[in-house]
Structure formats: structure tokens, C-alpha cells
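Participant:
2 protein chains.
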Amino acid sequence: MDRRDAILDAAVAIADERGLDAVSMRSVAERVGVTPMALYPHVGSKAALLDGMIGRLLGEMWPADGLSPPAGPGSGADGPDPAEPATGGPGATAPGAGPPDWRTQLAAIGRAGRAIARRHPWAASLVFARPAVTPDSVRAIDVVYGALLAAGVPAQQVPRLERLLGTVVFGFAASEAGGRFGPPESNPRSTRGLLPEGPLPGHEALADVLAAPADWDAEFEADLADLAEIIEATARRARSEQRRDRPAADRASPG
Amino acid sequence: MDRRDAILDAAVAIADERGLDAVSMRSVAERVGVTPMALYPHVGSKAALLDGMIGRLLGEMWPADGLSPPAGPGSGADGPDPAEPATGGPGATAPGAGPPDWRTQLAAIGRAGRAIARRHPWAASLVFARPAVTPDSVRAIDVVYGALLAAGVPAQQVPRLERLLGTVVFGFAASEAGGRFGPPESNPRSTRGLLPEGPLPGHEALADVLAAPADWDAEFEADLADLAEIIEATARRARSEQRRDRPAADRASPG
DNA sequence: TGGAATGATCTACACCGTATACAATCTACA
DNA sequence: TGTAGATTGTATACGGTGTAGATCATTCCA
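First to last, the sequence lines map onto chains A and B.
The first sequence lines up with residues 64 to 318 when you count with this note's numbering.
The second sequence lines up with residues 64 to 318 when you count with this note's numbering.
#1: Measure the Cβ-Cβ separation of M116/B and A74/B and say whether it is below 7 Å.
#2: Closer than 9 Å, Cβ to any Cβ of chain A: which residues of the segment 283-308 of chain B, in chain order?
#3: If you measure between the beta carbons of A180/B and A187/B, is that distance less than 7 Å?
#4: Grab me the residues of V221/A's own chain with a C-beta within less than 8 Å of its C-beta, minus the 5 sequence neighbours each way, in chain order.
#5: Establish whether the CB of A180/A and some CB of chain B are separated by less than 7 Å.
#6: Apart from the five residues on each side of it in sequence, which residues of its chain come closer than 8 Å, Cβ to Cβ, to F244/B?
#7: Please check if any C-beta of chain A sits within less than 7 Å of the C-beta of V95/B.
#8: Where R255/A and G107/B are concerned, what is the direct C-alpha to C-alpha distance, given to the nearest angstrom?
#9: Tell me, please, whether the CB atom of A192/B is closer than 7 Å to any CB atom in chain A?
#10: Residues in the same chain with beta-carbon distance under 7 Å from D141/B, minus the five sequence neighbours each way, listed in chain order, please.
#11: Alpha carbon to alpha carbon, how far is R299/A from D164/B? Give it in angstroms, no decimals.
#12: Under a CB-based cut-off of 7 Å, is V216/B close to chain A?
#13: Can you name the start and end residues of the alpha helix (DSSP H) that W165/B belongs to?
#14: Got a sec, what are the start and stop residues for the alpha helix (DSSP H) P276/B sits in?
#15: Is the Cβ-Cβ distance between H105/A and I77/A less than 7 Å?
#16: Throw me the rounded Cβ distance for the A92/A and A101/A pair, which I believe falls under 8 Å.
#17: Can you name, in chain order, every residue of its own chain whose Cβ lies under 6 Å from the Cβ of T197/B, other than the five neighbours on each side?
#18: Could you list which residues in chain A have their beta carbon closer than 8 Å to that of D205/B, in chain order?
#19: If you run the structure through DSSP and keep just helix, strand and coil, what is G82/B?
#20: I need the boundaries of the alpha helix (DSSP H) containing T230/B, first residue and last residue.
#21: Rounded to the nearest angstrom, what separates L224/A and I293/A at their Cα positions?
#22: Any beta carbon from chain A within less than 7 Å of S200/B's own beta carbon?
#23: In chain B, what lies closer than 7 Å to T98/A by C-beta?
#24: Quick one: grab the DSSP three-state call for S303/B.
#25: Whose C-beta lies closer than 6 Å to the C-beta of L169/A among residues of the same chain, with five residues either side of it excluded?
#26: Just reading off the alpha helix (DSSP H) that S90/A is part of, what are its end residues?
#27: Taking Cβ positions, are F235/A and T230/B nearer each other than 7 Å?
#28: For S108/B, verify whether its CB is less than 6 Å away from any heavy atom of the ligand MG.
#29: Quick check: what's the CA-CA separation for T167/A versus R177/A?
#30: Does G154/B get closer than 7 Å to chain A when you measure Cβ to Cβ?
#31: Starting from S108/B, follow the alpha helix (DSSP H) in both directions and report where the run begins and ends.
#32: L269/B touches chain A at which residues, Cβ-Cβ below 9 Å?
#33: For S200/B, collect the residues of the same chain with a Cβ closer than 6 Å to its Cβ; drop the 5 residues on either side in sequence, then sort them by chain order.
#34: Give me the residue from G82/A, A296/A, D114/A and E80/A with the minimum Cα distance to P217/A.
#35: Nearest-angstrom Cα distance between D271/A and R67/A?
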């Protein structure tokens, strides 16, 4: 194995076990069995090491060979794969069936993203904190592009919807991991949680709903369904406009 | 002014000027004119200080007096308010007009959130990194609840859609600030950007679109419009189901 | 007037990222 | 086979970090 990969693995393992703050050049070096300064020829800097860590995670999603998804939930990623609601990999297909339709494909990609973020709770916020332009992420984005095009989304809108999808998936995961979604009363470790003084008509009207515990799996699925609805509406709108513009002609690329 | 507020102001100012990494107990203390350890009785710890900073920002959004939005674009938030595309405050109304409809209200809240995140680029990622349950954020959430209820969203779905809205707005802002959206070639500060080896059919099919520069303002507006569409579809669905369940009766609160 | 509480200070500790200088090992070519 | 060059690891050191601990000044209330 490449020395760089060993370093990245050590860093990911430390982050999983003791949190992202525990990832220091010294701790990683110690785990690899080397002096801190020995890491620099391989990773360049601490920031580049963090970049490499998220790249490594996206590598879990699309192992190495291009577009094909992993064979199954335990295909050598990083240990047992607990409690995934639906599919194993981002593009998982029943063997022998045709190519998956864009809905199941996008939903699977979204679920895979959240699954990774749950396995590595430190990752989601990193995705927002630094540009993600590693080869692995480019590959992942390309698959999403393909699914959106297959759904009939016009090319103009595809990059935007890809970004929106990523924002929702990783934003959801980051909120889950960071505690943004947690109710205040479950977080009594500080003097926070004191309510504002003014009236809160919205909260009062929703008292019943807010009292019930939330089901995050269900909420994520509902968000995915809403995103699919957006995609479908966009495709539908494009189809009707195209029909109106050119009733029965071949389409030429504009511009 | 409370000493705590002065500390928070100093921290925010430092983050605005020199980035979040420049916010240290020592730098903040120096700006306040005090020893580092003197901060601890007021803010507790560095983590709590960061919490307080994002609370302070949400305080910009809803100044102090409960639900009423700021009177106009320059109503004393934090100085001049540069380059806002549409409205001034989250609930801005033309004076004398009726209460704003939920669409403009939600759009204004979203724009205000993004505007804050642009003024303080370090903030958006912090929102994801730590739980946001300050009094100010509770107040902000309450306004969103009200708008969603006014749109006709059933109570069951209101908290989820509020979270989805916040995820999209802050996720967009964090991506903008963190560089997740930036094209790789505009980020040449490292040896990243090397493309994967396999084919990228999606990118090839979208070559024209990807070559054009993106308009982030327009993209944000499009995302807001899509969210509004989701909200409307949810409300519409709920109305039709309700009509089917109780053909001509007064509605009683369920549960 | 006398505690007690609060706020601020000083010192110190363990840790951080990494610049710099140097030694060891491996590679490629004469 | 010998040697130059590159690559990889080490040792040391510097300036920075958050904060525990002890101490001192001020202020407020009994």
C-alpha cells in the first residue's frame, strides 16, 4: 500500500475514534509509526491532509474502477455496515435487471452519501469547509449529471440541481452529525437553551408535533422525495416548453 | 453594553477581518483590552464563544424586539447594508400594505440568511458544525413556522420543511464561502484538480454549460423558487386529502 | 465593618503546525 | 560498480494555541 494511503487511513481512523480535533500531525504520525515531519513529503500540509481524508471517503463510495458501484454492503470499505435502510451502493441494481431509473439511482446516491457521513460524523462539515475537487468527487458528480440528464432535466439546469442535491444531502448529514437538528432540551451541557422572551406563536401552534420525537430516516427519505419532485417538475416544464417552441422539428443546439 | 457583548463583537470583527482561524482567546482579549483568562467568566470556553458568535449574527437578522422585522434596509443592524438583491429585511413590507404573503416572506428570510453569511463568510460552516439553539435562532425558526403554516403546510410537515429550508440556505452559503461551488481551475493554489482517469460522460455532455460562468445570485433565487414549489405542492396535497376525508365539515385539530 | 462573590491577572503546562538542518536510504546512470 | 541525485525520515526549535491553578482587586450585601 502506498505510504500516503496509510497516512490517510490513520487520519480517518483517528477522526472516527476520537473526533476531528484529535487529528494532528503528531497523532497521525504516531499511529503510522513515524515522526510528525515525515508526513510532509506525502501530504504536504495539514490542510491537504484534510482534503485527502474527504477524498478517501468519496473513494469508499466509488471504489476505484470508474462508475460501477460496489458489489455489496461489505465489499471491503471499512468494516461492517450497520443499519442502512435501503440499498448497498449508490447505483446498486438487482443483478440481471436493466439499468436503474434515475429516481432510484439518485436516491441511492443520496443514501450512500448520508451513510458515509453517519459512519464518519466529522466528514460532512469538512465538505462545506473546503473545496471538494478531488478525482473521486468529480467522478461522483458525473454520475449525478448522468442521472439528471436521464431524468430529462435540460442541460442548463443540471449543474444547479446537482449542487442543490449535494447541498441537501451533505447539509442534512452535517446537521445530524453536528447537532443542529437536535432539540435543545437534549443538549443540556451548557447554559444555552434559554428561550427568548417574546411570544412564539409558531412553536405554540406546533406544540404537539414538536413534542414528538423525529424520525431522521423518514425525514431524509421525505427530503429525497421532494428533490425528486423538483427534478421531475423541471423536466416536465422543459418538455412542454420544447414542444411549444418547436412543434415538430429536430432540435438544434442554441448558441 | 454588557461585557459579554463586547467580547462577542470583538470576536466577530476579528473573524470578519482576518478569518475564523484568527479568532483566539488571546486575540479577542487583546482587542477587548484585557487578559485572555479574563474572557472565561463571560464566555465559558472557546467553543461557547463560537456559539455566541453565531447567536450574535442571528441577532442581526431579528434585532431584538420579538417578531417585527427591521423597519428598513439601514435600521441599525451593523452599518450600511451593501448590495442586497431584493428586500431589506426578512419580513419587509411595503408600508401600508397588508401582511406579506408566505412566498415573499420566506424568500426574504432566505435572502437575509444568505446576506448574513456573505457578510461573515466564516459563519455558515459554523452553523453546521455546532448546534444552533440560541434564543435568536429560536425566534427566527418561529417566523419560518408561521410562514409555512400560512402557506397551508400541514403541521406534521412544518418542522421538516423548516429544517430543509435552513439546510439549503445555509448549505448554499457555506458552499459559496467555503469554495465548494468554485470551479477547480479557479483554485490553483495546490496540486489538486487532477482529473480521474475514467471517462466522464456527464461532464462531456455538459461541456458547454460547464464552460459558462455561474451566476450565484440567480442560482440561489432558482433554489428558493424550487423550495417554494415544494411547499406549495405539499400544501396542495394536504388540501386535497383533507377535502376527501371530511367533505363538508369544520376542521378539528387532529390528535 | 466584614465577609463573599465577581472579575481580572500572572504563571505554567501540554499541545499544535511547521521551518530548518541533517542523516539515511533508494534509484538511475556512467 | 561507483557515484550523483532524489526521496524519505529524524531532531530540534519557534511561535502559537486553550485553559487549569493560584492570586489579587473590587464591589456588593448582610
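Virtual Cβ for every residue (Gly too), placed ideally from N, Cα, C.
Because the structure is a prediction, the values reported are computed rather than measured.
Facilitator: Short version:
#1: Here residue 116/B corresponds to residue number 53 of the second sequence, with the count starting at 1. Here residue 74/B corresponds to residue number 11 of the second sequence, with the count starting at 1. Yes, they are a contact pair.
#2: A285, D286, D289, L290, E292, I293, A296 and T297
#3: Residue 180/B sits at position 117 when you count from the first residue of the second sequence. Residue 187/B sits at position 124 when you count from the first residue of the second sequence. Yes, the pair counts as a contact, with Cβ atoms nearer than the cut-off.
#4: Taking the first sequence and counting its residues from 1, one reaches residue 221/A at position 158. Excluding residues within five positions, the ones whose Cβ falls inside 8 Å are Y208, L211 and L212.
#5: Here the question's residue 180/A lines up with position 117 in the first sequence. Not one chain B Cβ lies under 7 Å of A180/A.
#6: Here residue 244/B refers to the residue found at position 181 when the second sequence is read from its first residue. S238, A277 and W279, listed in sequence order.
#7: Sequence index remark: in the second sequence, residue 95/B carries index 32 (1-based). No, V95/B does not count as interfacial toward chain A.
#8: Residue mapping note: residue 255/A aligns to position 192 of the first sequence, counting from 1. Residue mapping note: residue 107/B aligns to position 44 of the second sequence, counting from 1. Low local confidence applies: a pLDDT of 39 at R255/A is under 50, so the model's placement there is unreliable, and no value is given.
#9: To locate residue 192/B, count along the second sequence from 1; it is residue 129. Yes, A192/B lies at the interface with chain A (some Cβ there is under 7 Å from its Cβ).
#10: If you number the second sequence from 1, residue 141/B lands on position 78. Caution applies to D141/B, whose pLDDT of 39 falls short of 50 and renders its modelled position unreliable; the value that the coordinates give is listed next. Excluding sequence neighbours, D141/B sits near E123.
#11: Here residue 164/B corresponds to residue number 101 of the second sequence, with the count starting at 1. Here residue 299/A corresponds to residue number 236 of the first sequence, with the count starting at 1. Approximately 27 Å between the Cα atoms of the pair.
#12: Here residue 216/B refers to the residue found at position 153 of the second sequence. No, V216/B does not count as interfacial toward chain A.
#13: Here residue 165/B refers to the residue found at position 102 when the second sequence is read from its first residue. W165 to R182 is the span of the alpha helix (DSSP H), which, as asked, contains W165/B.
#14: Here residue 276/B refers to the residue found at position 213 of the second sequence. That residue, P276/B, is in no alpha helix (DSSP H); it is neither H nor E in DSSP.
#15: Numbered from 1 along the first sequence, position 42 holds the residue referred to as residue 105/A. Numbered from 1 along the first sequence, position 14 holds the residue referred to as residue 77/A. Result no, Cβ atoms of H105/A and I77/A do not sit closer than 7 Å.
#16: Residue mapping note: residue 92/A aligns to position 29 of the first sequence, counting from 1. Residue mapping note: residue 101/A aligns to position 38 of the first sequence, counting from 1. Right, the Cβ-Cβ distance comes to about 6 Å (below 8 Å), so this counts as a contact.
#17: What you label residue 197/B is simply residue 134 of the second sequence in a count that begins at 1. For T197/B, where only same-chain residues beyond five positions count, the Cβ hits under 6 Å are G118.
#18: Numbered from its first residue, the second sequence carries residue 205/B at position 142. Ordered by position in chain A, the residues that pass the 8 Å Cβ test against D205/B are L263, P264, G265 and H266.
#19: Reading the second sequence from its first residue, position 19 is the one you call residue 82/B. Here G82/B sits in coil by DSSP.
#20: For the purposes of this step, residue 230/B is taken as residue 167 along the second sequence, with counting starting at 1. Element bounds for T230/B: V221 to G241.
#21: Counting from 1 along the first sequence, the entry for residue 224/A is found at position 161. Counting from 1 along the first sequence, the entry for residue 293/A is found at position 230. Each residue's alpha carbon lies about 9 Å from the other.
#22: Counting from 1 along the second sequence, the entry for residue 200/B is found at position 137. Chain A, which has no Cβ nearer than 7 Å to the Cβ of S200/B, makes this no.
#23: Along the first sequence, one-based indexing puts residue 98/A at 35. Those within 7 Å of T98/A in chain B number zero; the least Cβ separation is about 23 Å.
#24: As a position in the second sequence, residue 303/B is number 240, starting the count at 1. Looking at S303/B - three-state DSSP - the assignment turns out to be helix.
#25: Within the first sequence, numbered from 1, the residue matching residue 169/A stands at position 106. So the list reads A210, once near-sequence residues are dropped.
#26: Stepping through the first sequence from its first residue, residue 90/A is reached at position 27. It spans M88 to V95 - the alpha helix (DSSP H) in which S90/A sits, taken as one unbroken run.
#27: Position 172 of the first sequence holds residue 235/A. Position 167 of the second sequence holds residue 230/B. Closer than 7 Å, so yes.
#28: Looking for the ligand MG in the displayed structure turns up nothing, as the structure carries no ligands at all.
#29: By one-based count along the first sequence, residue 167/A stands at place 104. By one-based count along the first sequence, residue 177/A stands at place 114. Using only the alpha carbons, I get a separation of about 15 Å.
#30: To locate residue 154/B, count along the second sequence from 1; it is residue 91. The pLDDT assigned to G154/B is 46, lower than 50, so where the model puts this residue is not dependable; a value taken from the coordinates is nonetheless given after this. Chain A, which has no Cβ nearer than 7 Å to the Cβ of G154/B, makes this no.
#31: Counting from one through the second sequence, the residue named residue 108/B turns up at place 45. Here S108/B belongs to no alpha helix (DSSP H), and DSSP marks it neither H nor E.
#32: Translated into positions along the second sequence, residue 269/B becomes position 206. Correct list: Y208, L212, A218, V221 and P222.
#33: The residue given as residue 200/B occupies position 137 in the second sequence. Closer than 6 Å at Cβ, skipping near neighbours: L121.
#34: Locating residue 217/A in the first sequence gives position 154, counting from the first residue. With distances taken between Cα atoms, P217/A lies closest to A296/A.
#35: As a working mapping, residue 271/A is identified with position 208 in the first sequence. As a working mapping, residue 67/A is identified with position 4 in the first sequence. Between D271/A and R67/A, the C-alpha separation is close to 52 Å.
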